[in-house]
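Data first, discussion second: the structure below is written as structure tokens.
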Amino acid sequence: MKQPPRGRNFFFGPGPTNIPDSVLAAIAHATIDFNDADFLALYESCVAGLKRLLGTEQHVFLYTASGHGAWEATFANLCTPGDRILMVESGYFSDDWAKMGRKFGLTVETLAADWRRGAEFGELSRMLAADTGKTFRALCIVHNETSTGVCLPLEEVRRLLDETGHPALLFADAISSFGSMECWMDAWGIDALVGGSQKGLMLPTGMSFTAVSEKAMAVHENAGLPRYYFDWTEMLRRRQKSFCGTLPVALFFGLKEALRLIEEEGLMAVFARHHRLGEGVRRAVRHWSGNEGPELFCTDPARVSDSVTAIRMPDGHDAEAVRETALRRFNVALGSGLGPLRGKVFRIGHLGDLNEPMVLGALGAVEMSLGINGVPHSPGGVDAAMAWFAEERQPGITAAH
4 MKQPPRGRNF
14 FFGPGPTNIP
24 DSVLAAIAHA
34 TIDFNDADFL
44 ALYESCVAGL
54 KRLLGTEQHV
64 FLYTASGHGA
74 WEATFANLCT
84 PGDRILMVES
94 GYFSDDWAKM
104 GRKFGLTVET
114 LAADWRRGAE
124 FGELSRMLAA
134 DTGKTFRALC
144 IVHNETSTGV
154 CLPLEEVRRL
164 LDETGHPALL
174 FADAISSFGS
184 MECWMDAWGI
194 DALVGGSQKG
204 LMLPTGMSFT
214 AVSEKAMAVH
224 ENAGLPRYYF
234 DWTEMLRRRQ
244 KSFCGTLPVA
254 LFFGLKEALR
264 LIEEEGLMAV
274 FARHHRLGEG
284 VRRAVRHWSG
294 NEGPELFCTD
304 PARVSDSVTA
314 IRMPDGHDAE
324 AVRETALRRF
334 NVALGSGLGP
344 LRGKVFRIGH
354 LGDLNEPMVL
364 GALGAVEMSL
374 GINGVPHSPG
384 GVDAAMAWFA
394 EERQPGITAA
404 H
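Residue numbers 4 to 404, in the working numbering, belong to the letters of the sequence shown in order.
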């Protein structure tokens, strides 16, 4: 009989992610009435904390759903069948979001992109300028594409909309960037920002939200898609101004603790930590890429993600075999390739409740798994990450607002 693995599982998927012990303890709270005044105070403090993390003073609507539910809520509340939507291709998740829009009867047009680099913004500017009738209802973009490890500059997208005088609403999926990297709703002019509980917020999957601008709320008044459970107007009639139905009470106790941890560390320090950990992973991969080994999937150094790194395998070698070895031999869980990247890519998530020794443990398991599976690489990637982590001074992050 096979013996179960000992020690703690090192979970390095890009979401859901590691949950701090204090958050787990907070979630294990006795159930209370969500109409009780004590819960309402908890709810309001959590929403205020989310707004601080997002850099917004506008509306936030929450749902008992994963990020896909928040995608659906955003379309349902802001669109009418036949609306033209411009989707910026970035990878598996932008494609999935586009499929959802088409199911709703929206006319979704795609700005095609190389998944390894992300969209060319010169082409985006030309598409916006060519829409002389201003018929695009919304421009949708995944800020941080979890499947590829490519992060696109949302502030640049807002600049292009403004320069072309295009009134399209800016929809942003910030599910794997919010709480890990800079993402400022009001300063960057985002009209509908989608986020979830299971990544930078360090909670279980099950709660998501859309932060909504006043401009978008005006559009909502005349949006024509059917809705009820996700209807913002219906939510505004409720005491909590969110949710149509029972609230996930336990998650709010966890959310309060997660917000406390983030603000205790300091938001800019959280971003700097994610950059430091992400760069350590990238340095390991760059070292492994010698001897025709695995390489960073993202080829644009200016667009690498600080919450997840996608790693492209050498031709003829299976990423799933490496993942299987890491899990079965070393109890380290890595992210798989999604869609057409299945078997060609594996992913290392480095977001949430992590530090340098945890990352080094995962990198060590990956390097051993590469060797066990006969994958060509240049040994010493862990040493490259260690050298980076050991530096006394690390580059910081400058706030955008």
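Every residue gets a Cβ at the ideal spot worked out from N, C-alpha and C, and that includes glycine.
- Taking every protein chain shown into account, the CB of residue 202 has 16 or more other CB atoms within 10 angstroms, so this residue is buried.
- The criterion of a C-beta distance shorter than 7 Å is not satisfied by residue 161 and residue 125.
- Contact between residue 19 and residue 207 holds, since their C-beta atoms are separated by about 7 Å, short of 8 Å.
- Taking the CA atoms as reference points, residue 286 sits about 37 Å from residue 112.
- Inclusion of residue 314 and residue 288 in the CB contact set at 7 Å is warranted, their separation being smaller than that value.
- Residue 310 places its beta carbon 7 Å or farther from that of residue 373.
- Setting aside the 5 residues that flank it on each side, residue 115 is surrounded in the same chain by 92, each with a C-beta closer than 7 Å to its C-beta; the list follows chain order.
- By the Cβ-count criterion, residue 8 is exposed, with fewer than 16 other Cβ atoms from all chains shown falling within 10 Å of its own Cβ.
- Around the beta carbon of residue 176, 16 or more other beta carbons lie within 10 angstroms, which makes this residue buried.
- Around residue 359, the same chain offers 392 as residues with beta carbons nearer than 6 Å, after the five sequence neighbours per side are excluded.
- Spanning the alpha carbons of residue 60 and residue 188 requires a straight line of approximately 9 Å.
- In the structure shown, the three-state DSSP call for residue 79 is helix.
- Of the residues assessed, residue 170 falls on the exposed side of the cut-off, its CB having fewer than 16 other CB atoms within 10 angstroms.
- In this structure, residue 284 lies away from residue 81, with their beta-carbon atoms at least 7 Å apart.
- Residue 35: not part of any alpha helix (DSSP H); DSSP gives it neither H nor E.
- In the DSSP assignment, residue 182 falls outside any beta strand (DSSP E) and carries neither an H nor an E.
- Contact check for residue 199 and residue 70: beta-carbon distance about 4 Å, within the 8 Å limit, so the pair qualifies.
- Note on geometry: alpha-carbon atoms of residue 98 and residue 219 lie some 23 Å from one another.
- Measuring C-alpha to C-alpha distances from residue 122 to each of 67, 148, 244, 76 identifies 148 as the nearest.
- The continuous alpha helix (DSSP H) containing residue 95 extends over residues 95 to 106.
- Checking the DSSP bridge columns, you'll see residue 141 partnered with 88, 172.
- Judged by beta-carbon spacing, residue 26 lies within the 7 Å limit of residue 260, meaning their Cβ atoms are closer than that value.
- Taking 7 Å as the cut-off, the Cβ atoms of residue 349 and residue 385 do not count as close.
- Spatial neighbours of residue 100 in its own chain (CB-CB distance under 8 Å, excluding positions within 5 residues in sequence) are listed in chain order as 74, 90, 143, 145, 176.
- With contacts defined by Cβ atoms closer than 7 Å, residue 375 and residue 328 form a contacting pair.
- Boundaries of the beta strand (DSSP E) harbouring residue 62: 62 to 66, taken from the DSSP string.
- No Cβ-Cβ contact shorter than 7 Å links residue 29 with residue 255.
- The region 281 to 356 is shown to contain whole alpha helix (DSSP H) runs of 4 or more residues at 322 to 333, in chain order.
- Under the three-state reduction of DSSP output, residue 386 falls in the helix class.
- By the CB criterion at 7 Å, residue 251 and residue 67 fall inside the cutoff.
- From the listed residues 210, 278, 166, the smallest Cα separation to residue 185 is found for 278.
- Counting only the Cα atoms, residue 172 lies some 21 Å from residue 238.
- Per DSSP, the continuous beta strand (DSSP E) segment holding residue 215 begins and ends at 211 to 215.
- Assignment of beta-bridge partners to residue 148 by DSSP yields 153.
- Under the three-state reduction of DSSP, residue 255 is assigned to helix.
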